[in-house]
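Participant: Supplied in structure tokens, the structure appears directly below.
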Amino acid sequence: MVENKLVHSPLITYGSMLSLLSFTPPFVILMWYTNVHADGSILKTFNHLRENGLQGLIDIWPKPTAIAGKLIICYALFEAALQLLLPGKTVEGPISPTGHRPVYKVYGSYAIHNYVFFSVSFRFGIFNPAIVYDHLGEIFSTLIFGSLVFCVLLYIKGHVAPSSTDSGSSGNIIVDFYWGMELYPRIGKHFDIKVFTNCRFGMMSWAVLAVTYCIKQHEEYGRVSDSMLVNTILMLVYVTKFFWWEAGYWNTMDIAHDRAGFYICWGCLVWVPSIYTSPGMYLVKQPVNLGLQLSLYILVAGLLCIYINYDCDRQRQEFRRTNGKCTVWGKTPSKIVAAYTTTSGEKKTSLLLTSGWWGLARHFHYVPEILAAFFWSVPALFNHFIPYFYVIFLIILLLDRAKRDDDRCKAKYGKYWKLYCEKVPYRVIPGIY
Ligand code: NDP
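Be aware that the sequence shown starts at 7, since it is given in the working numbering, and climbs by one per residue.
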């Protein structure tokens, strides 16, 4: 067992951990209420809270219901079954700090999931996806409480039955609950809990809800607005890109560095379906007509950003997979061979790419990620602030993440990371930051 030596962001101090634990659940409900019942106006929601205080929040908070529970359980069981039963190619994740290399299965669950979802909904008419929107508040409320219980169970599992040596306690209950205890928690040998929460439940729900919002708008107004179409297409392309590149996801911070706790697991189970989909949730009842030309401009700009973000991730993954024996922007890549020591004392080396996208800034890939989110939010135009909350949240999240990753890599690679910083001095935005 290793000590829980996570590189915590200075933003995420004890105070902010407690604040996030307390404020994110009501925030999810306020986001839903503002989009669905307050015409997308933060001012209306604010006035309601100002006039009624805490009782105002209690009044609008939907109670978890049996139908919401049923929808969530059916969906979770379906995703878990796909994860467990579908055959797939075996891929190895990166070596963990204790020298352990997790193994994953990659399969076309996204395609199968969508096929089943659309067949059940449209072809056989068994299930009308609009009911998800009709019960959205109850679903979020049930998810909030259910996922908190899930995180408590993860915390207990981390103490009594960790799945691998990559686990341990910081000695502080808040840190352990918030950041998690285990890096690779599993049920049995094969059911990876973070794959379930992050990919199967979180990312799939993003796609499902994006489509659901379109269907609901069609039910309400008899047509789907161009703004909704642009928003949905961009979000679906983004999620499709994620699943296309899923094997690369095992190498990212979410999987390789962040442990399974409230931050990652509650985030993927509740925050992703509610906040990441919020621009679409807003558009359902506040449709905007963009016209063909503006729609196309926004669509093309968004697609380009998603492509660049994908290409950044692909470039790094291909570079590492081929051990630097590839071309980057048509040339032999420049690199640093960085040595480091695992917590068990083993000496190892990693390659750091210093050309291509990774030569522009150390986390340049966050720029197209943020711009893509802007382009699927901007179809709402500028009548209200709420559709832009996700972009603002993402900017804060990714700037903090860039700092956190730099600190972690500095601790891991020492002088080699210093060399990388000298060669590539900007952290995120070339020439600015
Ligand atoms: P990365 O995929 O960038 O992973 C960072 C790791 O890559 C580092 O810890 C280091 O790990 C390795 N690395 C760093 N620099 C180099 C280099 N020059 N050459 C080779 N390897 C390097 O981080 P993220 O997990 O943050 O991002 C993955 C994707 O997910 C991105 O597309 C991002 O935009 C997206 N994302 C989206 C979020 C959202 O909420 N929408 C949130 C976070 C990410 P090692 O120890 O292996 O050296």
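Beta carbons: idealized from backbone N, C-alpha and C, even for Gly.
A quick note: this is a predicted structure, and the numbers were derived from the prediction, not measured.
1. For V138, collect the residues of the same chain with a Cβ closer than 6 Å to its Cβ; drop the 5 residues on either side in sequence, then sort them by chain order.
2. With respect to the alpha helix (DSSP H) encompassing S211, which residues constitute its N-terminal and C-terminal limits?
3. Alpha carbon to alpha carbon, how far is F84 from V126?
4. Alpha carbon to alpha carbon, how far is L403 from K331? Give it in angstroms, no decimals.
5. Taking 6 Å as the cut-off, does the CB of S340 come closer than this to any heavy atom belonging to ligand 1?
6. Is the beta carbon of Q321 sitting closer than 7 Å to the one on W363?
7. Examine the Cβ distances between the region 183–201 and the region 262–269 and report whether three or more of them are shorter than 8 Å.
8. Can you name, in chain order, every residue of its own chain whose Cβ lies under 7 Å from the Cβ of C274, other than the five neighbours on each side?
9. So, at 7 Å on beta carbons, what are the nonlocal neighbours of V112 in its own chain, with the 5 sequence-adjacent residues on each side left out?
10. Between which residues of its own chain and I150 is the CB-CB distance below 8 Å, once the five residues before and five after are set aside?
11. Output the distance between the C-alpha atoms of F124 and D406, rounded to the nearest integer angstrom.
12. Contact between the region 344–356 and the region 280–300 is defined here as three or more beta-carbon pairs at a separation below 8 Å; is this criterion met?
13. I want to know whether the region 144–162 touches the region 61–72 - three or more CB-CB distances under 8 Å.
14. Beta-carbon within less than 6 Å of N10's beta-carbon, same chain only, minus the 5 sequence neighbours each way: which residues are those?
15. Once you ignore the five residues that flank E225 on each side, which residues in its own chain have a CB closer than 7 Å to its CB?
16. For M23, I'd like the list of residues in its chain whose CB is within less than 7 Å of its CB, leaving aside the five on either flank, ordered along the chain.
17. Which one of D260, G21, M210, Y394 has the shortest CA to CA distance from S47?
18. Here's the rule: buried if 16 or more other CB atoms are within 10 angstroms of the residue's CB, otherwise exposed. What is S280?
19. Ordered along the chain, which non-local residues of its own chain (more than five positions away) have a Cβ less than 8 Å from that of M37?
Facilitator: In this structure, then:
1. T218
2. 210–227
3. 13 Å
4. 33 Å
5. no
6. yes
7. yes
8. T203, N204, F207, G208
9. G94, K95, V97, E252, A253
10. P31, V34, I35, V276
11. 38 Å
12. no
13. yes
14. At N10 the pLDDT is 44, less than 50, meaning the model places this residue with poor confidence; the figure from the coordinates comes in the next sentence. Excluding residues within five positions, the ones whose Cβ falls inside 6 Å are G174, S175, S176.
15. A136
16. I180, Y184
17. Y394
18. buried
19. S280, I281, S284, M287, I392, F395
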